[in-house]
């Protein structure tokens, strides 16, 4: 018998037991244990319903106790009968017209419910021609102590409360009402089915959703997809990676709903059973159960018999096909006619790892998510400690195990059970072993999906598992691995072997799936790593020492296709110049987060295989790149290299998409890549000796030339019609910008920040509709050009630290799509031009440390979309009252405004106010709306903050108002809205309000705290605190 204490458990039996052989038990015998106890009123039902039910149960080999002796109604219930009740797994109470007139029956009922409470006995009430509400309310024939029963109940008045309570409790249980079922035979059949199911589940440990961690949310979701009620036939797929809990979820839903159906069948492990017994056997066994016909055999691929089909179509059935891995198998099991082979109202669930199988067959698909951390920890503890929380000494180790399992129920259960009762030393050893080799039981389950791939698909899966370790851009990956990768990745996604990010741009692989793939590579050669197809630095598969030895001694083999070496683990590496001329080497990476040069080449520059497609080498030590043929090269990443040039002469690079040579300080020449038709991105940031603007393909989209020595942007830039990003930031030698820049109709972002010699722009005479971002910070411009009106799509304008900029022209109001505008650290700006309502899209305005700015015009109230306004370090004295009209303003910063004297009424949308270090601030308008109404704003994210530190001239009225509103807000959080998040208010002062219950001087304070009762609750629901901090003692907080 297996315990149902986890979300993932062993699957249920393939089909319900074959119980067709009749069997009867002598009714008067009382064996030690019964399956079912029947409680009934003999004169009402002995010779009809009860006898039929008893015979049906016996025919299913269900051991049933029935008392067929004429009992003395005046006597006490016999000890043997009490024992029979106690030793039964399930009791059926048949409430008939005269059931309540028998004190014997009522005593049985009390005993049955006691056994339910103490022993977990299952109780099924059957309301046989009686209204359940009469039983529940004790009215009608169930009115206790009527006049004509006085003699019966005389002397039993002390039992009356128990009898009444028992009747009410039993009537509230889920059961069967004969008035809802057409015939007595049908009622018997449905009750027997219900009993069979409940006993079958009991033999597996019983079903209780409380015992299954996190199961309820899955049941609710799948029930909504099944849409129980409508008469159509629905198929719902349950999809997810191996070990995620698909079978358990299907089983839980099946158990909950099965009593609503006329017939049912749970076909477990379809994949395995088809291999062992064949499809014909499995399909016929399923039909036998659904049609309740022993040894039904069809034997042909099609269902054949029209009679069988018609019988099946008359059945409202609940069916589960578990672990289906072939669409043909599912079609066969569905009778080659999909949902049309089942009766009206039937429901089918299919668990599957391959989404495409479900896309074709199911009405809805439910993707099973990973467990969250709290659920994972609870499930792990239930298996590792047989309790719902961690043993204190094992808490850290438990959390490490949970992080390793990453929300996969199978792994949590298997590893938890394997560690039960083990010492801390064993736990540590197990963790270390898991880093080297995955657990065999987990590996076996996860590998099933891999085994179904073809050879090309397996190769791409292994490349992802062993080489692309982090989130990788999907477009880059498919280009590097070849055109077939696009279709293969779709297959891997459908099999839950990889995942795609929500934005569809990145690909990710679960750590346990990755471990599974890496173990496959390890098995290629357990002794000699150099004979494996993929090598990477990892303690579990191939040590850095093994790779270094191979590269130094030039002992690589033809089997090697990928090498990934983490240099952060070693201090120095000497590599043979020919070590990478391996005929099948496609992917190569040397990475080091320190960006230092640790590699020394022996025997000249490194020579690479002609088949290389991806080359990444941080700190590449050679002056040039030696590749005989670059036709296969897709990505070249050599940041912080010693390159002076890439290569001599012309190289054909038809597949090259990306070049990254950032901070290659010695690079003086960049090759002509005008023929690289697939080139999309060139990043030469920080190549400080590069003076010439690179010649690149007209298809390029991103060109990053920041911090180079480029002096001018040539007119030929007009060729780059697809260019969307041009970064020339901190090109301190740049003086001229070609007027042809306006020809770049695809340009979205232009960054000229830090171009100190750039005094003016060329005239732009054509609209640039796609330009969204223009960055001119730290330039020497004195005024904004009039042609700004041509940037009709501009959303971000950055003029930070333009020290020569004297004024903002009125035509800025024509930028109707502008959302972010920064003028900070522009000391000559003394006023802001009249702002028209046309800047209706502006959301962020930064005017920090504009020291000449002394006022904010009333027109600010027209900025209806403004969300963030920063005036830090300004010389303004007051803020216009029109600020209250900014109905979307969320954040306002006026800190370090030394002349600011007052704050007007602020908009109720405000969630963050920083007015700290305003020594002249004396008045703050009533903050009631600001604090109390914050939740009405759609941008409210659970936190309000007001900072008035070092506003030492704040008048007492304003101070008291603020503290009063804090008290009201805290009360609201504690009483009216217990899920409220956080309110932070910082004010000057030296006293704690009296309404704070716990107060103390010094560095610590003890408060009474009621600890959480479950591992599922790990955070404090409310903690209110008030601190007085001496700023001289803690200068970092000033």
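In my numbering, the protein residues as written are 34 to 1071.
Glycine residues also receive a C-beta, built at the ideal position from the N, C-alpha and C atoms.
With three or more CB-CB distances shorter than 8 Å, the segment 198-212 counts as touching the segment 220-227. Shown here for residue 739: same chain residues with a beta carbon closer than 6 Å to its own, the five before and five after excluded, namely 718, 760, 762 and 763 in chain order.
Looking only at 266, 271, 493 and 457, the smallest Cα-Cα distance to residue 524 is reached by 493. In the three-state reduction of the DSSP assignment, residue 74 falls in the coil class, being assigned neither a helical nor a strand state. Looking at 980, 990, 737 and 217, the one whose alpha-carbon comes closest to that of residue 945 is 980. Membership of residue 287 in any beta strand (DSSP E) is not indicated; the residue belongs instead to the alpha helix (DSSP H) covering 279-290. Within the model, the alpha-carbon separation for residue 194 versus residue 169 is close to 14 Å. Judged by DSSP in its simplified three-state form, residue 121 adopts strand. The residue from 547, 537, 507 and 250 with its alpha-carbon nearest to that of residue 438 is 547.
Burial is judged here by how many other beta carbons sit within 10 angstroms of a residue's own beta carbon; residue 394 has at least 16 and is buried.
With contacts defined as CB atoms closer than 8 Å, residue 121 and residue 67 qualify as a contacting pair. Annotation for residue 877: the continuous beta strand (DSSP E) segment containing it runs 877-879. In the three-state DSSP reduction, residue 158 falls in the strand class (E or B). Contact annotation, residue 597 with residue 500: C-beta distance approximately 6 Å; criterion of less than 8 Å satisfied. A direct Cα-Cα distance of roughly 8 Å separates residue 725 from residue 703. Taking all protein chains in view, the Cβ of residue 330 is surrounded by fewer than 16 other Cβ atoms within 10 Å, so the residue is classified as exposed.
The alpha-carbon separation between residue 140 and residue 232 amounts to approximately 25 Å. In the structure shown, residue 830 falls within a strand segment according to DSSP collapsed to helix, strand and coil. Looking at the DSSP output, residue 808 bridges to 784 and 831. Looking only at 410, 412 and 442, the smallest Cα-Cα distance to residue 403 is reached by 442.
For the pair residue 1020 and residue 887, the Cα-to-Cα distance works out to about 26 Å. Taking the Cα of residue 783 as reference, the smallest distance to any Cα among 284, 86 and 770 is reached at 770. For residue 724, the three-state secondary structure derived from DSSP is coil. The Cβ-Cβ distance between residue 526 and residue 534 does not fall below 8 Å. When 673, 907, 545 and 943 are compared, the shortest CA-CA separation from residue 952 is found for 907. Put simply, the segment 539-557 does not touch the segment 414-428. Fewer than three CB pairs are less than 8 Å apart.
For residue 945, there is no enclosing alpha helix (DSSP H); the enclosing beta strand (DSSP E) covers residues 945-947. Beta-bridge annotation (DSSP): residue 128 is paired with 160. Restricting attention to 345, 147, 153 and 913, the CA atom closest to the CA of residue 199 is found in 147.
Residue environment: residue 113 is assigned as exposed (fewer than 16 neighbouring CB atoms within 10 Å of its CB, all protein chains considered). Residue 691 is bridged by DSSP to 668 and 714. The residue among 581, 431 and 619 with its C-alpha nearest the C-alpha of residue 562 is 581.
Here residue 77 is not near residue 152, since their CB atoms are 8 Å or more apart. Counting only the Cα atoms, residue 543 lies some 18 Å from residue 408. Around residue 290, the same chain offers 256, 259, 261, 351 and 380 as residues with beta carbons nearer than 8 Å, after the five sequence neighbours per side are excluded. Looking at 328, 319, 339 and 345, the one whose alpha-carbon comes closest to that of residue 354 is 319.
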